[in-house]
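These notes concern the structure reproduced below.
Number of protein chains: 2
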Amino acid sequence: MEKLIEYILQFGNLNPQQINFIKSKTTEVDLKKDDYFSEAGKVPKYIGFVLEGVFRCCYYNNKGEEITHYFIDEYSFVSDQQKFEAQALSSEYIQAVTDCKLLAFTKKDWDALSNTIVDWDRIAAKITQKCLSDAMDRRSPLVSEDATTRYLSFLQKYPMLINRVPLSYIASYLGITQQSLSRIRKNIR
Amino acid sequence: MEKLIEYILQFGNLNPQQINFIKSKTTEVDLKKDDYFSEAGKVPKYIGFVLEGVFRCCYYNNKGEEITHYFIDEYSFVSDQQKFEAQALSSEYIQAVTDCKLLAFTKKDWDALSNTIVDWDRIAAKITQKCLSDAMDRRSPLVSEDATTRYLSFLQKYPMLINRVPLSYIASYLGITQQSLSRIRKNIR
DNA sequence: ATCGCTTTTTACCAAATGGTAAATGTTTTC
DNA sequence: GAAAACATTTACCATTTGGTAAAAAGCGAT
Numbered sequence: 001m002e003k004l005i006e007y008i009l010q011f012g013n014l015n016p017q018q019i020n021f022i023k024s025k026t027t028e029v030d031l032k033k034d035d036y037f038s039e040a041g042k043v044p045k046y047i048g049f050v051l052e053g054v055f056r057c058c059y060y061n062n063k064g065e066e067i068t069h070y071f072i073d074e075y076s077f078v079s080d081q082q083k084f085e086a087q088a089l090s091s092e093y094i095q096a097v098t099d100c101k102l103l104a105f106t107k108k109d110w111d112a113l114s115n116t117i118v119d120w121d122r123i124a125a126k127i128t129q130k131c132l133s134d135a136m137d138r139r140s141p142l143v144s145e146d147a148t149t150r151y152l153s154f155l156q157k158y159p160m161l162i163n164r165v166p167l168s169y170i171a172s173y174l175g176i177t178q179q180s181l182s183r184i185r186k187n188i189r
Numbered sequence: 001m002e003k004l005i006e007y008i009l010q011f012g013n014l015n016p017q018q019i020n021f022i023k024s025k026t027t028e029v030d031l032k033k034d035d036y037f038s039e040a041g042k043v044p045k046y047i048g049f050v051l052e053g054v055f056r057c058c059y060y061n062n063k064g065e066e067i068t069h070y071f072i073d074e075y076s077f078v079s080d081q082q083k084f085e086a087q088a089l090s091s092e093y094i095q096a097v098t099d100c101k102l103l104a105f106t107k108k109d110w111d112a113l114s115n116t117i118v119d120w121d122r123i124a125a126k127i128t129q130k131c132l133s134d135a136m137d138r139r140s141p142l143v144s145e146d147a148t149t150r151y152l153s154f155l156q157k158y159p160m161l162i163n164r165v166p167l168s169y170i171a172s173y174l175g176i177t178q179q180s181l182s183r184i185r186k187n188i189r
């Protein structure tokens, strides 16, 4: 719980009362490996803060291939924020890659924060901003590098993920086939 | 000027007085083709709203290659927002690809908006959020598609840009060489 | 129109990646 | 512990892309 508060306090000051109010609105959610946190074609129920585990966000491209477009692990928010805010149908899946534990907010509770904490909308926008900006920083370099460079920078940026995530997801994230990734791993040694 | 106001009003309501205040803080900036709006290693002077022209944002990767990582055209904000906000050194270049006209805000004027318009911080955060989210939507699909598909979806998403931007920039944006892009164009016809 | 400069296309070959299929390794289940 | 299911590696060849170099096309200034 303290990790969540710490995360939020990056973006603005809150008094103890406000902090308690936030705490009171959280729902603890546990998910088993492979469970969906949110699904394409459905309205996202929650925005969640990851206490334990790894999620991946993926969608199906026009060739029907499943593309992992980012991973989220401990102490970050996970959600299709735009669709959660608007309570609109999501176009992606967010799936637990390992067993996961989250502190989650329903839309109702999230709105309660907005209505109760004066500065909350700004803070919430900042949170979304950080999530997007992190995602962009990770994703963007993948476009212009060759596969080996992508894999190496993946290793640097997510040293812990390599042992927690199936290689096929990583290959998909890097935009290469699993066979290519396997070959690259062999050549690096 | 009305385009700017229209853009801002997407994110919150403002009274005529507040709108006039915003207008009073704008600086009109004209840039010639190839001029820099902001540079790596320098603190961004402005955040700008593009009235006319096309910008590209680029950086140099570790191989010394110049990578265009996004384009911005009319009626969007352009700036290295994170670095502008923090008045920190930017790590990228923002360059006019054509002659450009902007409505710009200095940090001082931008802060004045924050201090004068109660809801401004939230609105500003929403603007940044939109810029990032648009950039992500454009950039992300590039990772997992082959070069031809990337080019075709570029054409769909930016039909106007193809005639305003040198092909070498587009190739760099798509993560391929100029020769590959040329070959792809030939095969499509 | 011509020259000089930049942009785009072409050609060639080398290298990287994809697709199919099978073999090996690992984990789960009973 | 064996069988089944799943994950990863390997091998093969076809296809795509990169790198180098040169030709063609486009553009601006005189």
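Going line by line, the protein sequences match chains A and B.
In terms of UniProt numbering, the first sequence opens at residue 1 and continues consecutively.
In terms of UniProt numbering, the second sequence opens at residue 1 and continues consecutively.
In this text, a Cβ means the ideal position worked out from N, Cα and C, and glycines have one as well.
Source: prediction; values computed, not measured.
Asked                                                                                                          : Found
Test: Ile127 (chain B) CB closer than 7 Å to a CB of chain A                                                   : no
Simplified DSSP state of Lys63 (chain B), which is helix, strand or coil                                       : coil
Whole-Å CB distance - Ala125 (chain A) paired with Thr26 (chain A), under 8 Å assumed                          : 20 Å between Cβ atoms; not a contact.
Exposure of Arg185 (chain A), with buried meaning 16 or more beta-carbon neighbours within 10 Å                : exposed
Cβ pair Leu102 (chain A), Val29 (chain A) closer than 7 Å                                                      : yes
Same chain only: Cβ atoms within 6 Å of Phe49 (chain A), ignoring 5 sequence neighbours per side               : Leu4, Phe77 and Leu103
Own chain, CB closer than 7 Å to Ile127 (chain B), minus 5 neighbours either side, in chain order              : Phe11 and Phe77
Rounded C-alpha distance that separates Ala171 (chain B) from Cys57 (chain B)                                  : 14 Å
Partners in chain A for Gln156 (chain B), counting only beta-carbon separations shorter than 7 Å               : What Gln156 (chain B) touches in chain A: nothing, since even the nearest Cβ is about 12 Å away.
Residue-chain proximity (Arg139 (chain B), chain A), Cβ-Cβ < 7 Å                                               : yes
Within 7 Å, strictly: CB atoms of Asp35 (chain B) and Ala96 (chain B)                                          : yes
DSSP beta-bridge partners of Ile184 (chain B)                                                                  : DSSP lists no partner for Ile184 (chain B).
C-beta neighbour in chain A for Ile161 (chain B), strict 7 Å                                                   : It should be noted that the sequence gives Leu, not Ile, for residue 161 (chain B). Chain A, which has no Cβ nearer than 7 Å to the Cβ of Leu161 (chain B), makes this no.
Beta-carbon proximity list for Lys157 (chain B), same chain, < 8 Å, skipping 5 on both sides                   : Arg138
Counted within 10 angstroms of its Cβ, other Cβ atoms place Ser168 (chain A) as buried (16 or more) or exposed : exposed
Residues near Tyr173 (chain B) in its chain [Cβ-Cβ closer than 6 Å; skip 5 each side]                          : Thr68
Residues near Lys42 (chain B) in its chain [Cβ-Cβ closer than 8 Å; skip 5 each side]                           : Leu89 and Ser90
Helix, strand or coil at Arg189 (chain B) according to DSSP, with G and I counted as helix                     : coil
Exposure label - Met160 (chain B); buried when at least 16 CB within 10 Å                                      : exposed
Rounded distance between the beta-carbons of Phe37 (chain B) and Ile94 (chain B), thought under 8 Å            : 4 Å
Candidates B:Ile123, B:Asn187 and B:Ser133, of which the one nearest Ala147 (chain B) by Cα                    : B:Asn187
Neighbour flag for Arg122 (chain B) against chain A, beta carbons, 7 Å                                         : yes
Exposure label - Gln179 (chain A); buried when at least 16 CB within 10 Å                                      : exposed
Alpha-carbon to alpha-carbon, Asn15 (chain B) and Lys6 (chain B)                                               : Going by the sequence as given, residue 6 (chain B) is Glu instead of Lys. Cα to Cα, Glu6 (chain B) sits roughly 13 Å from Asn15 (chain B).
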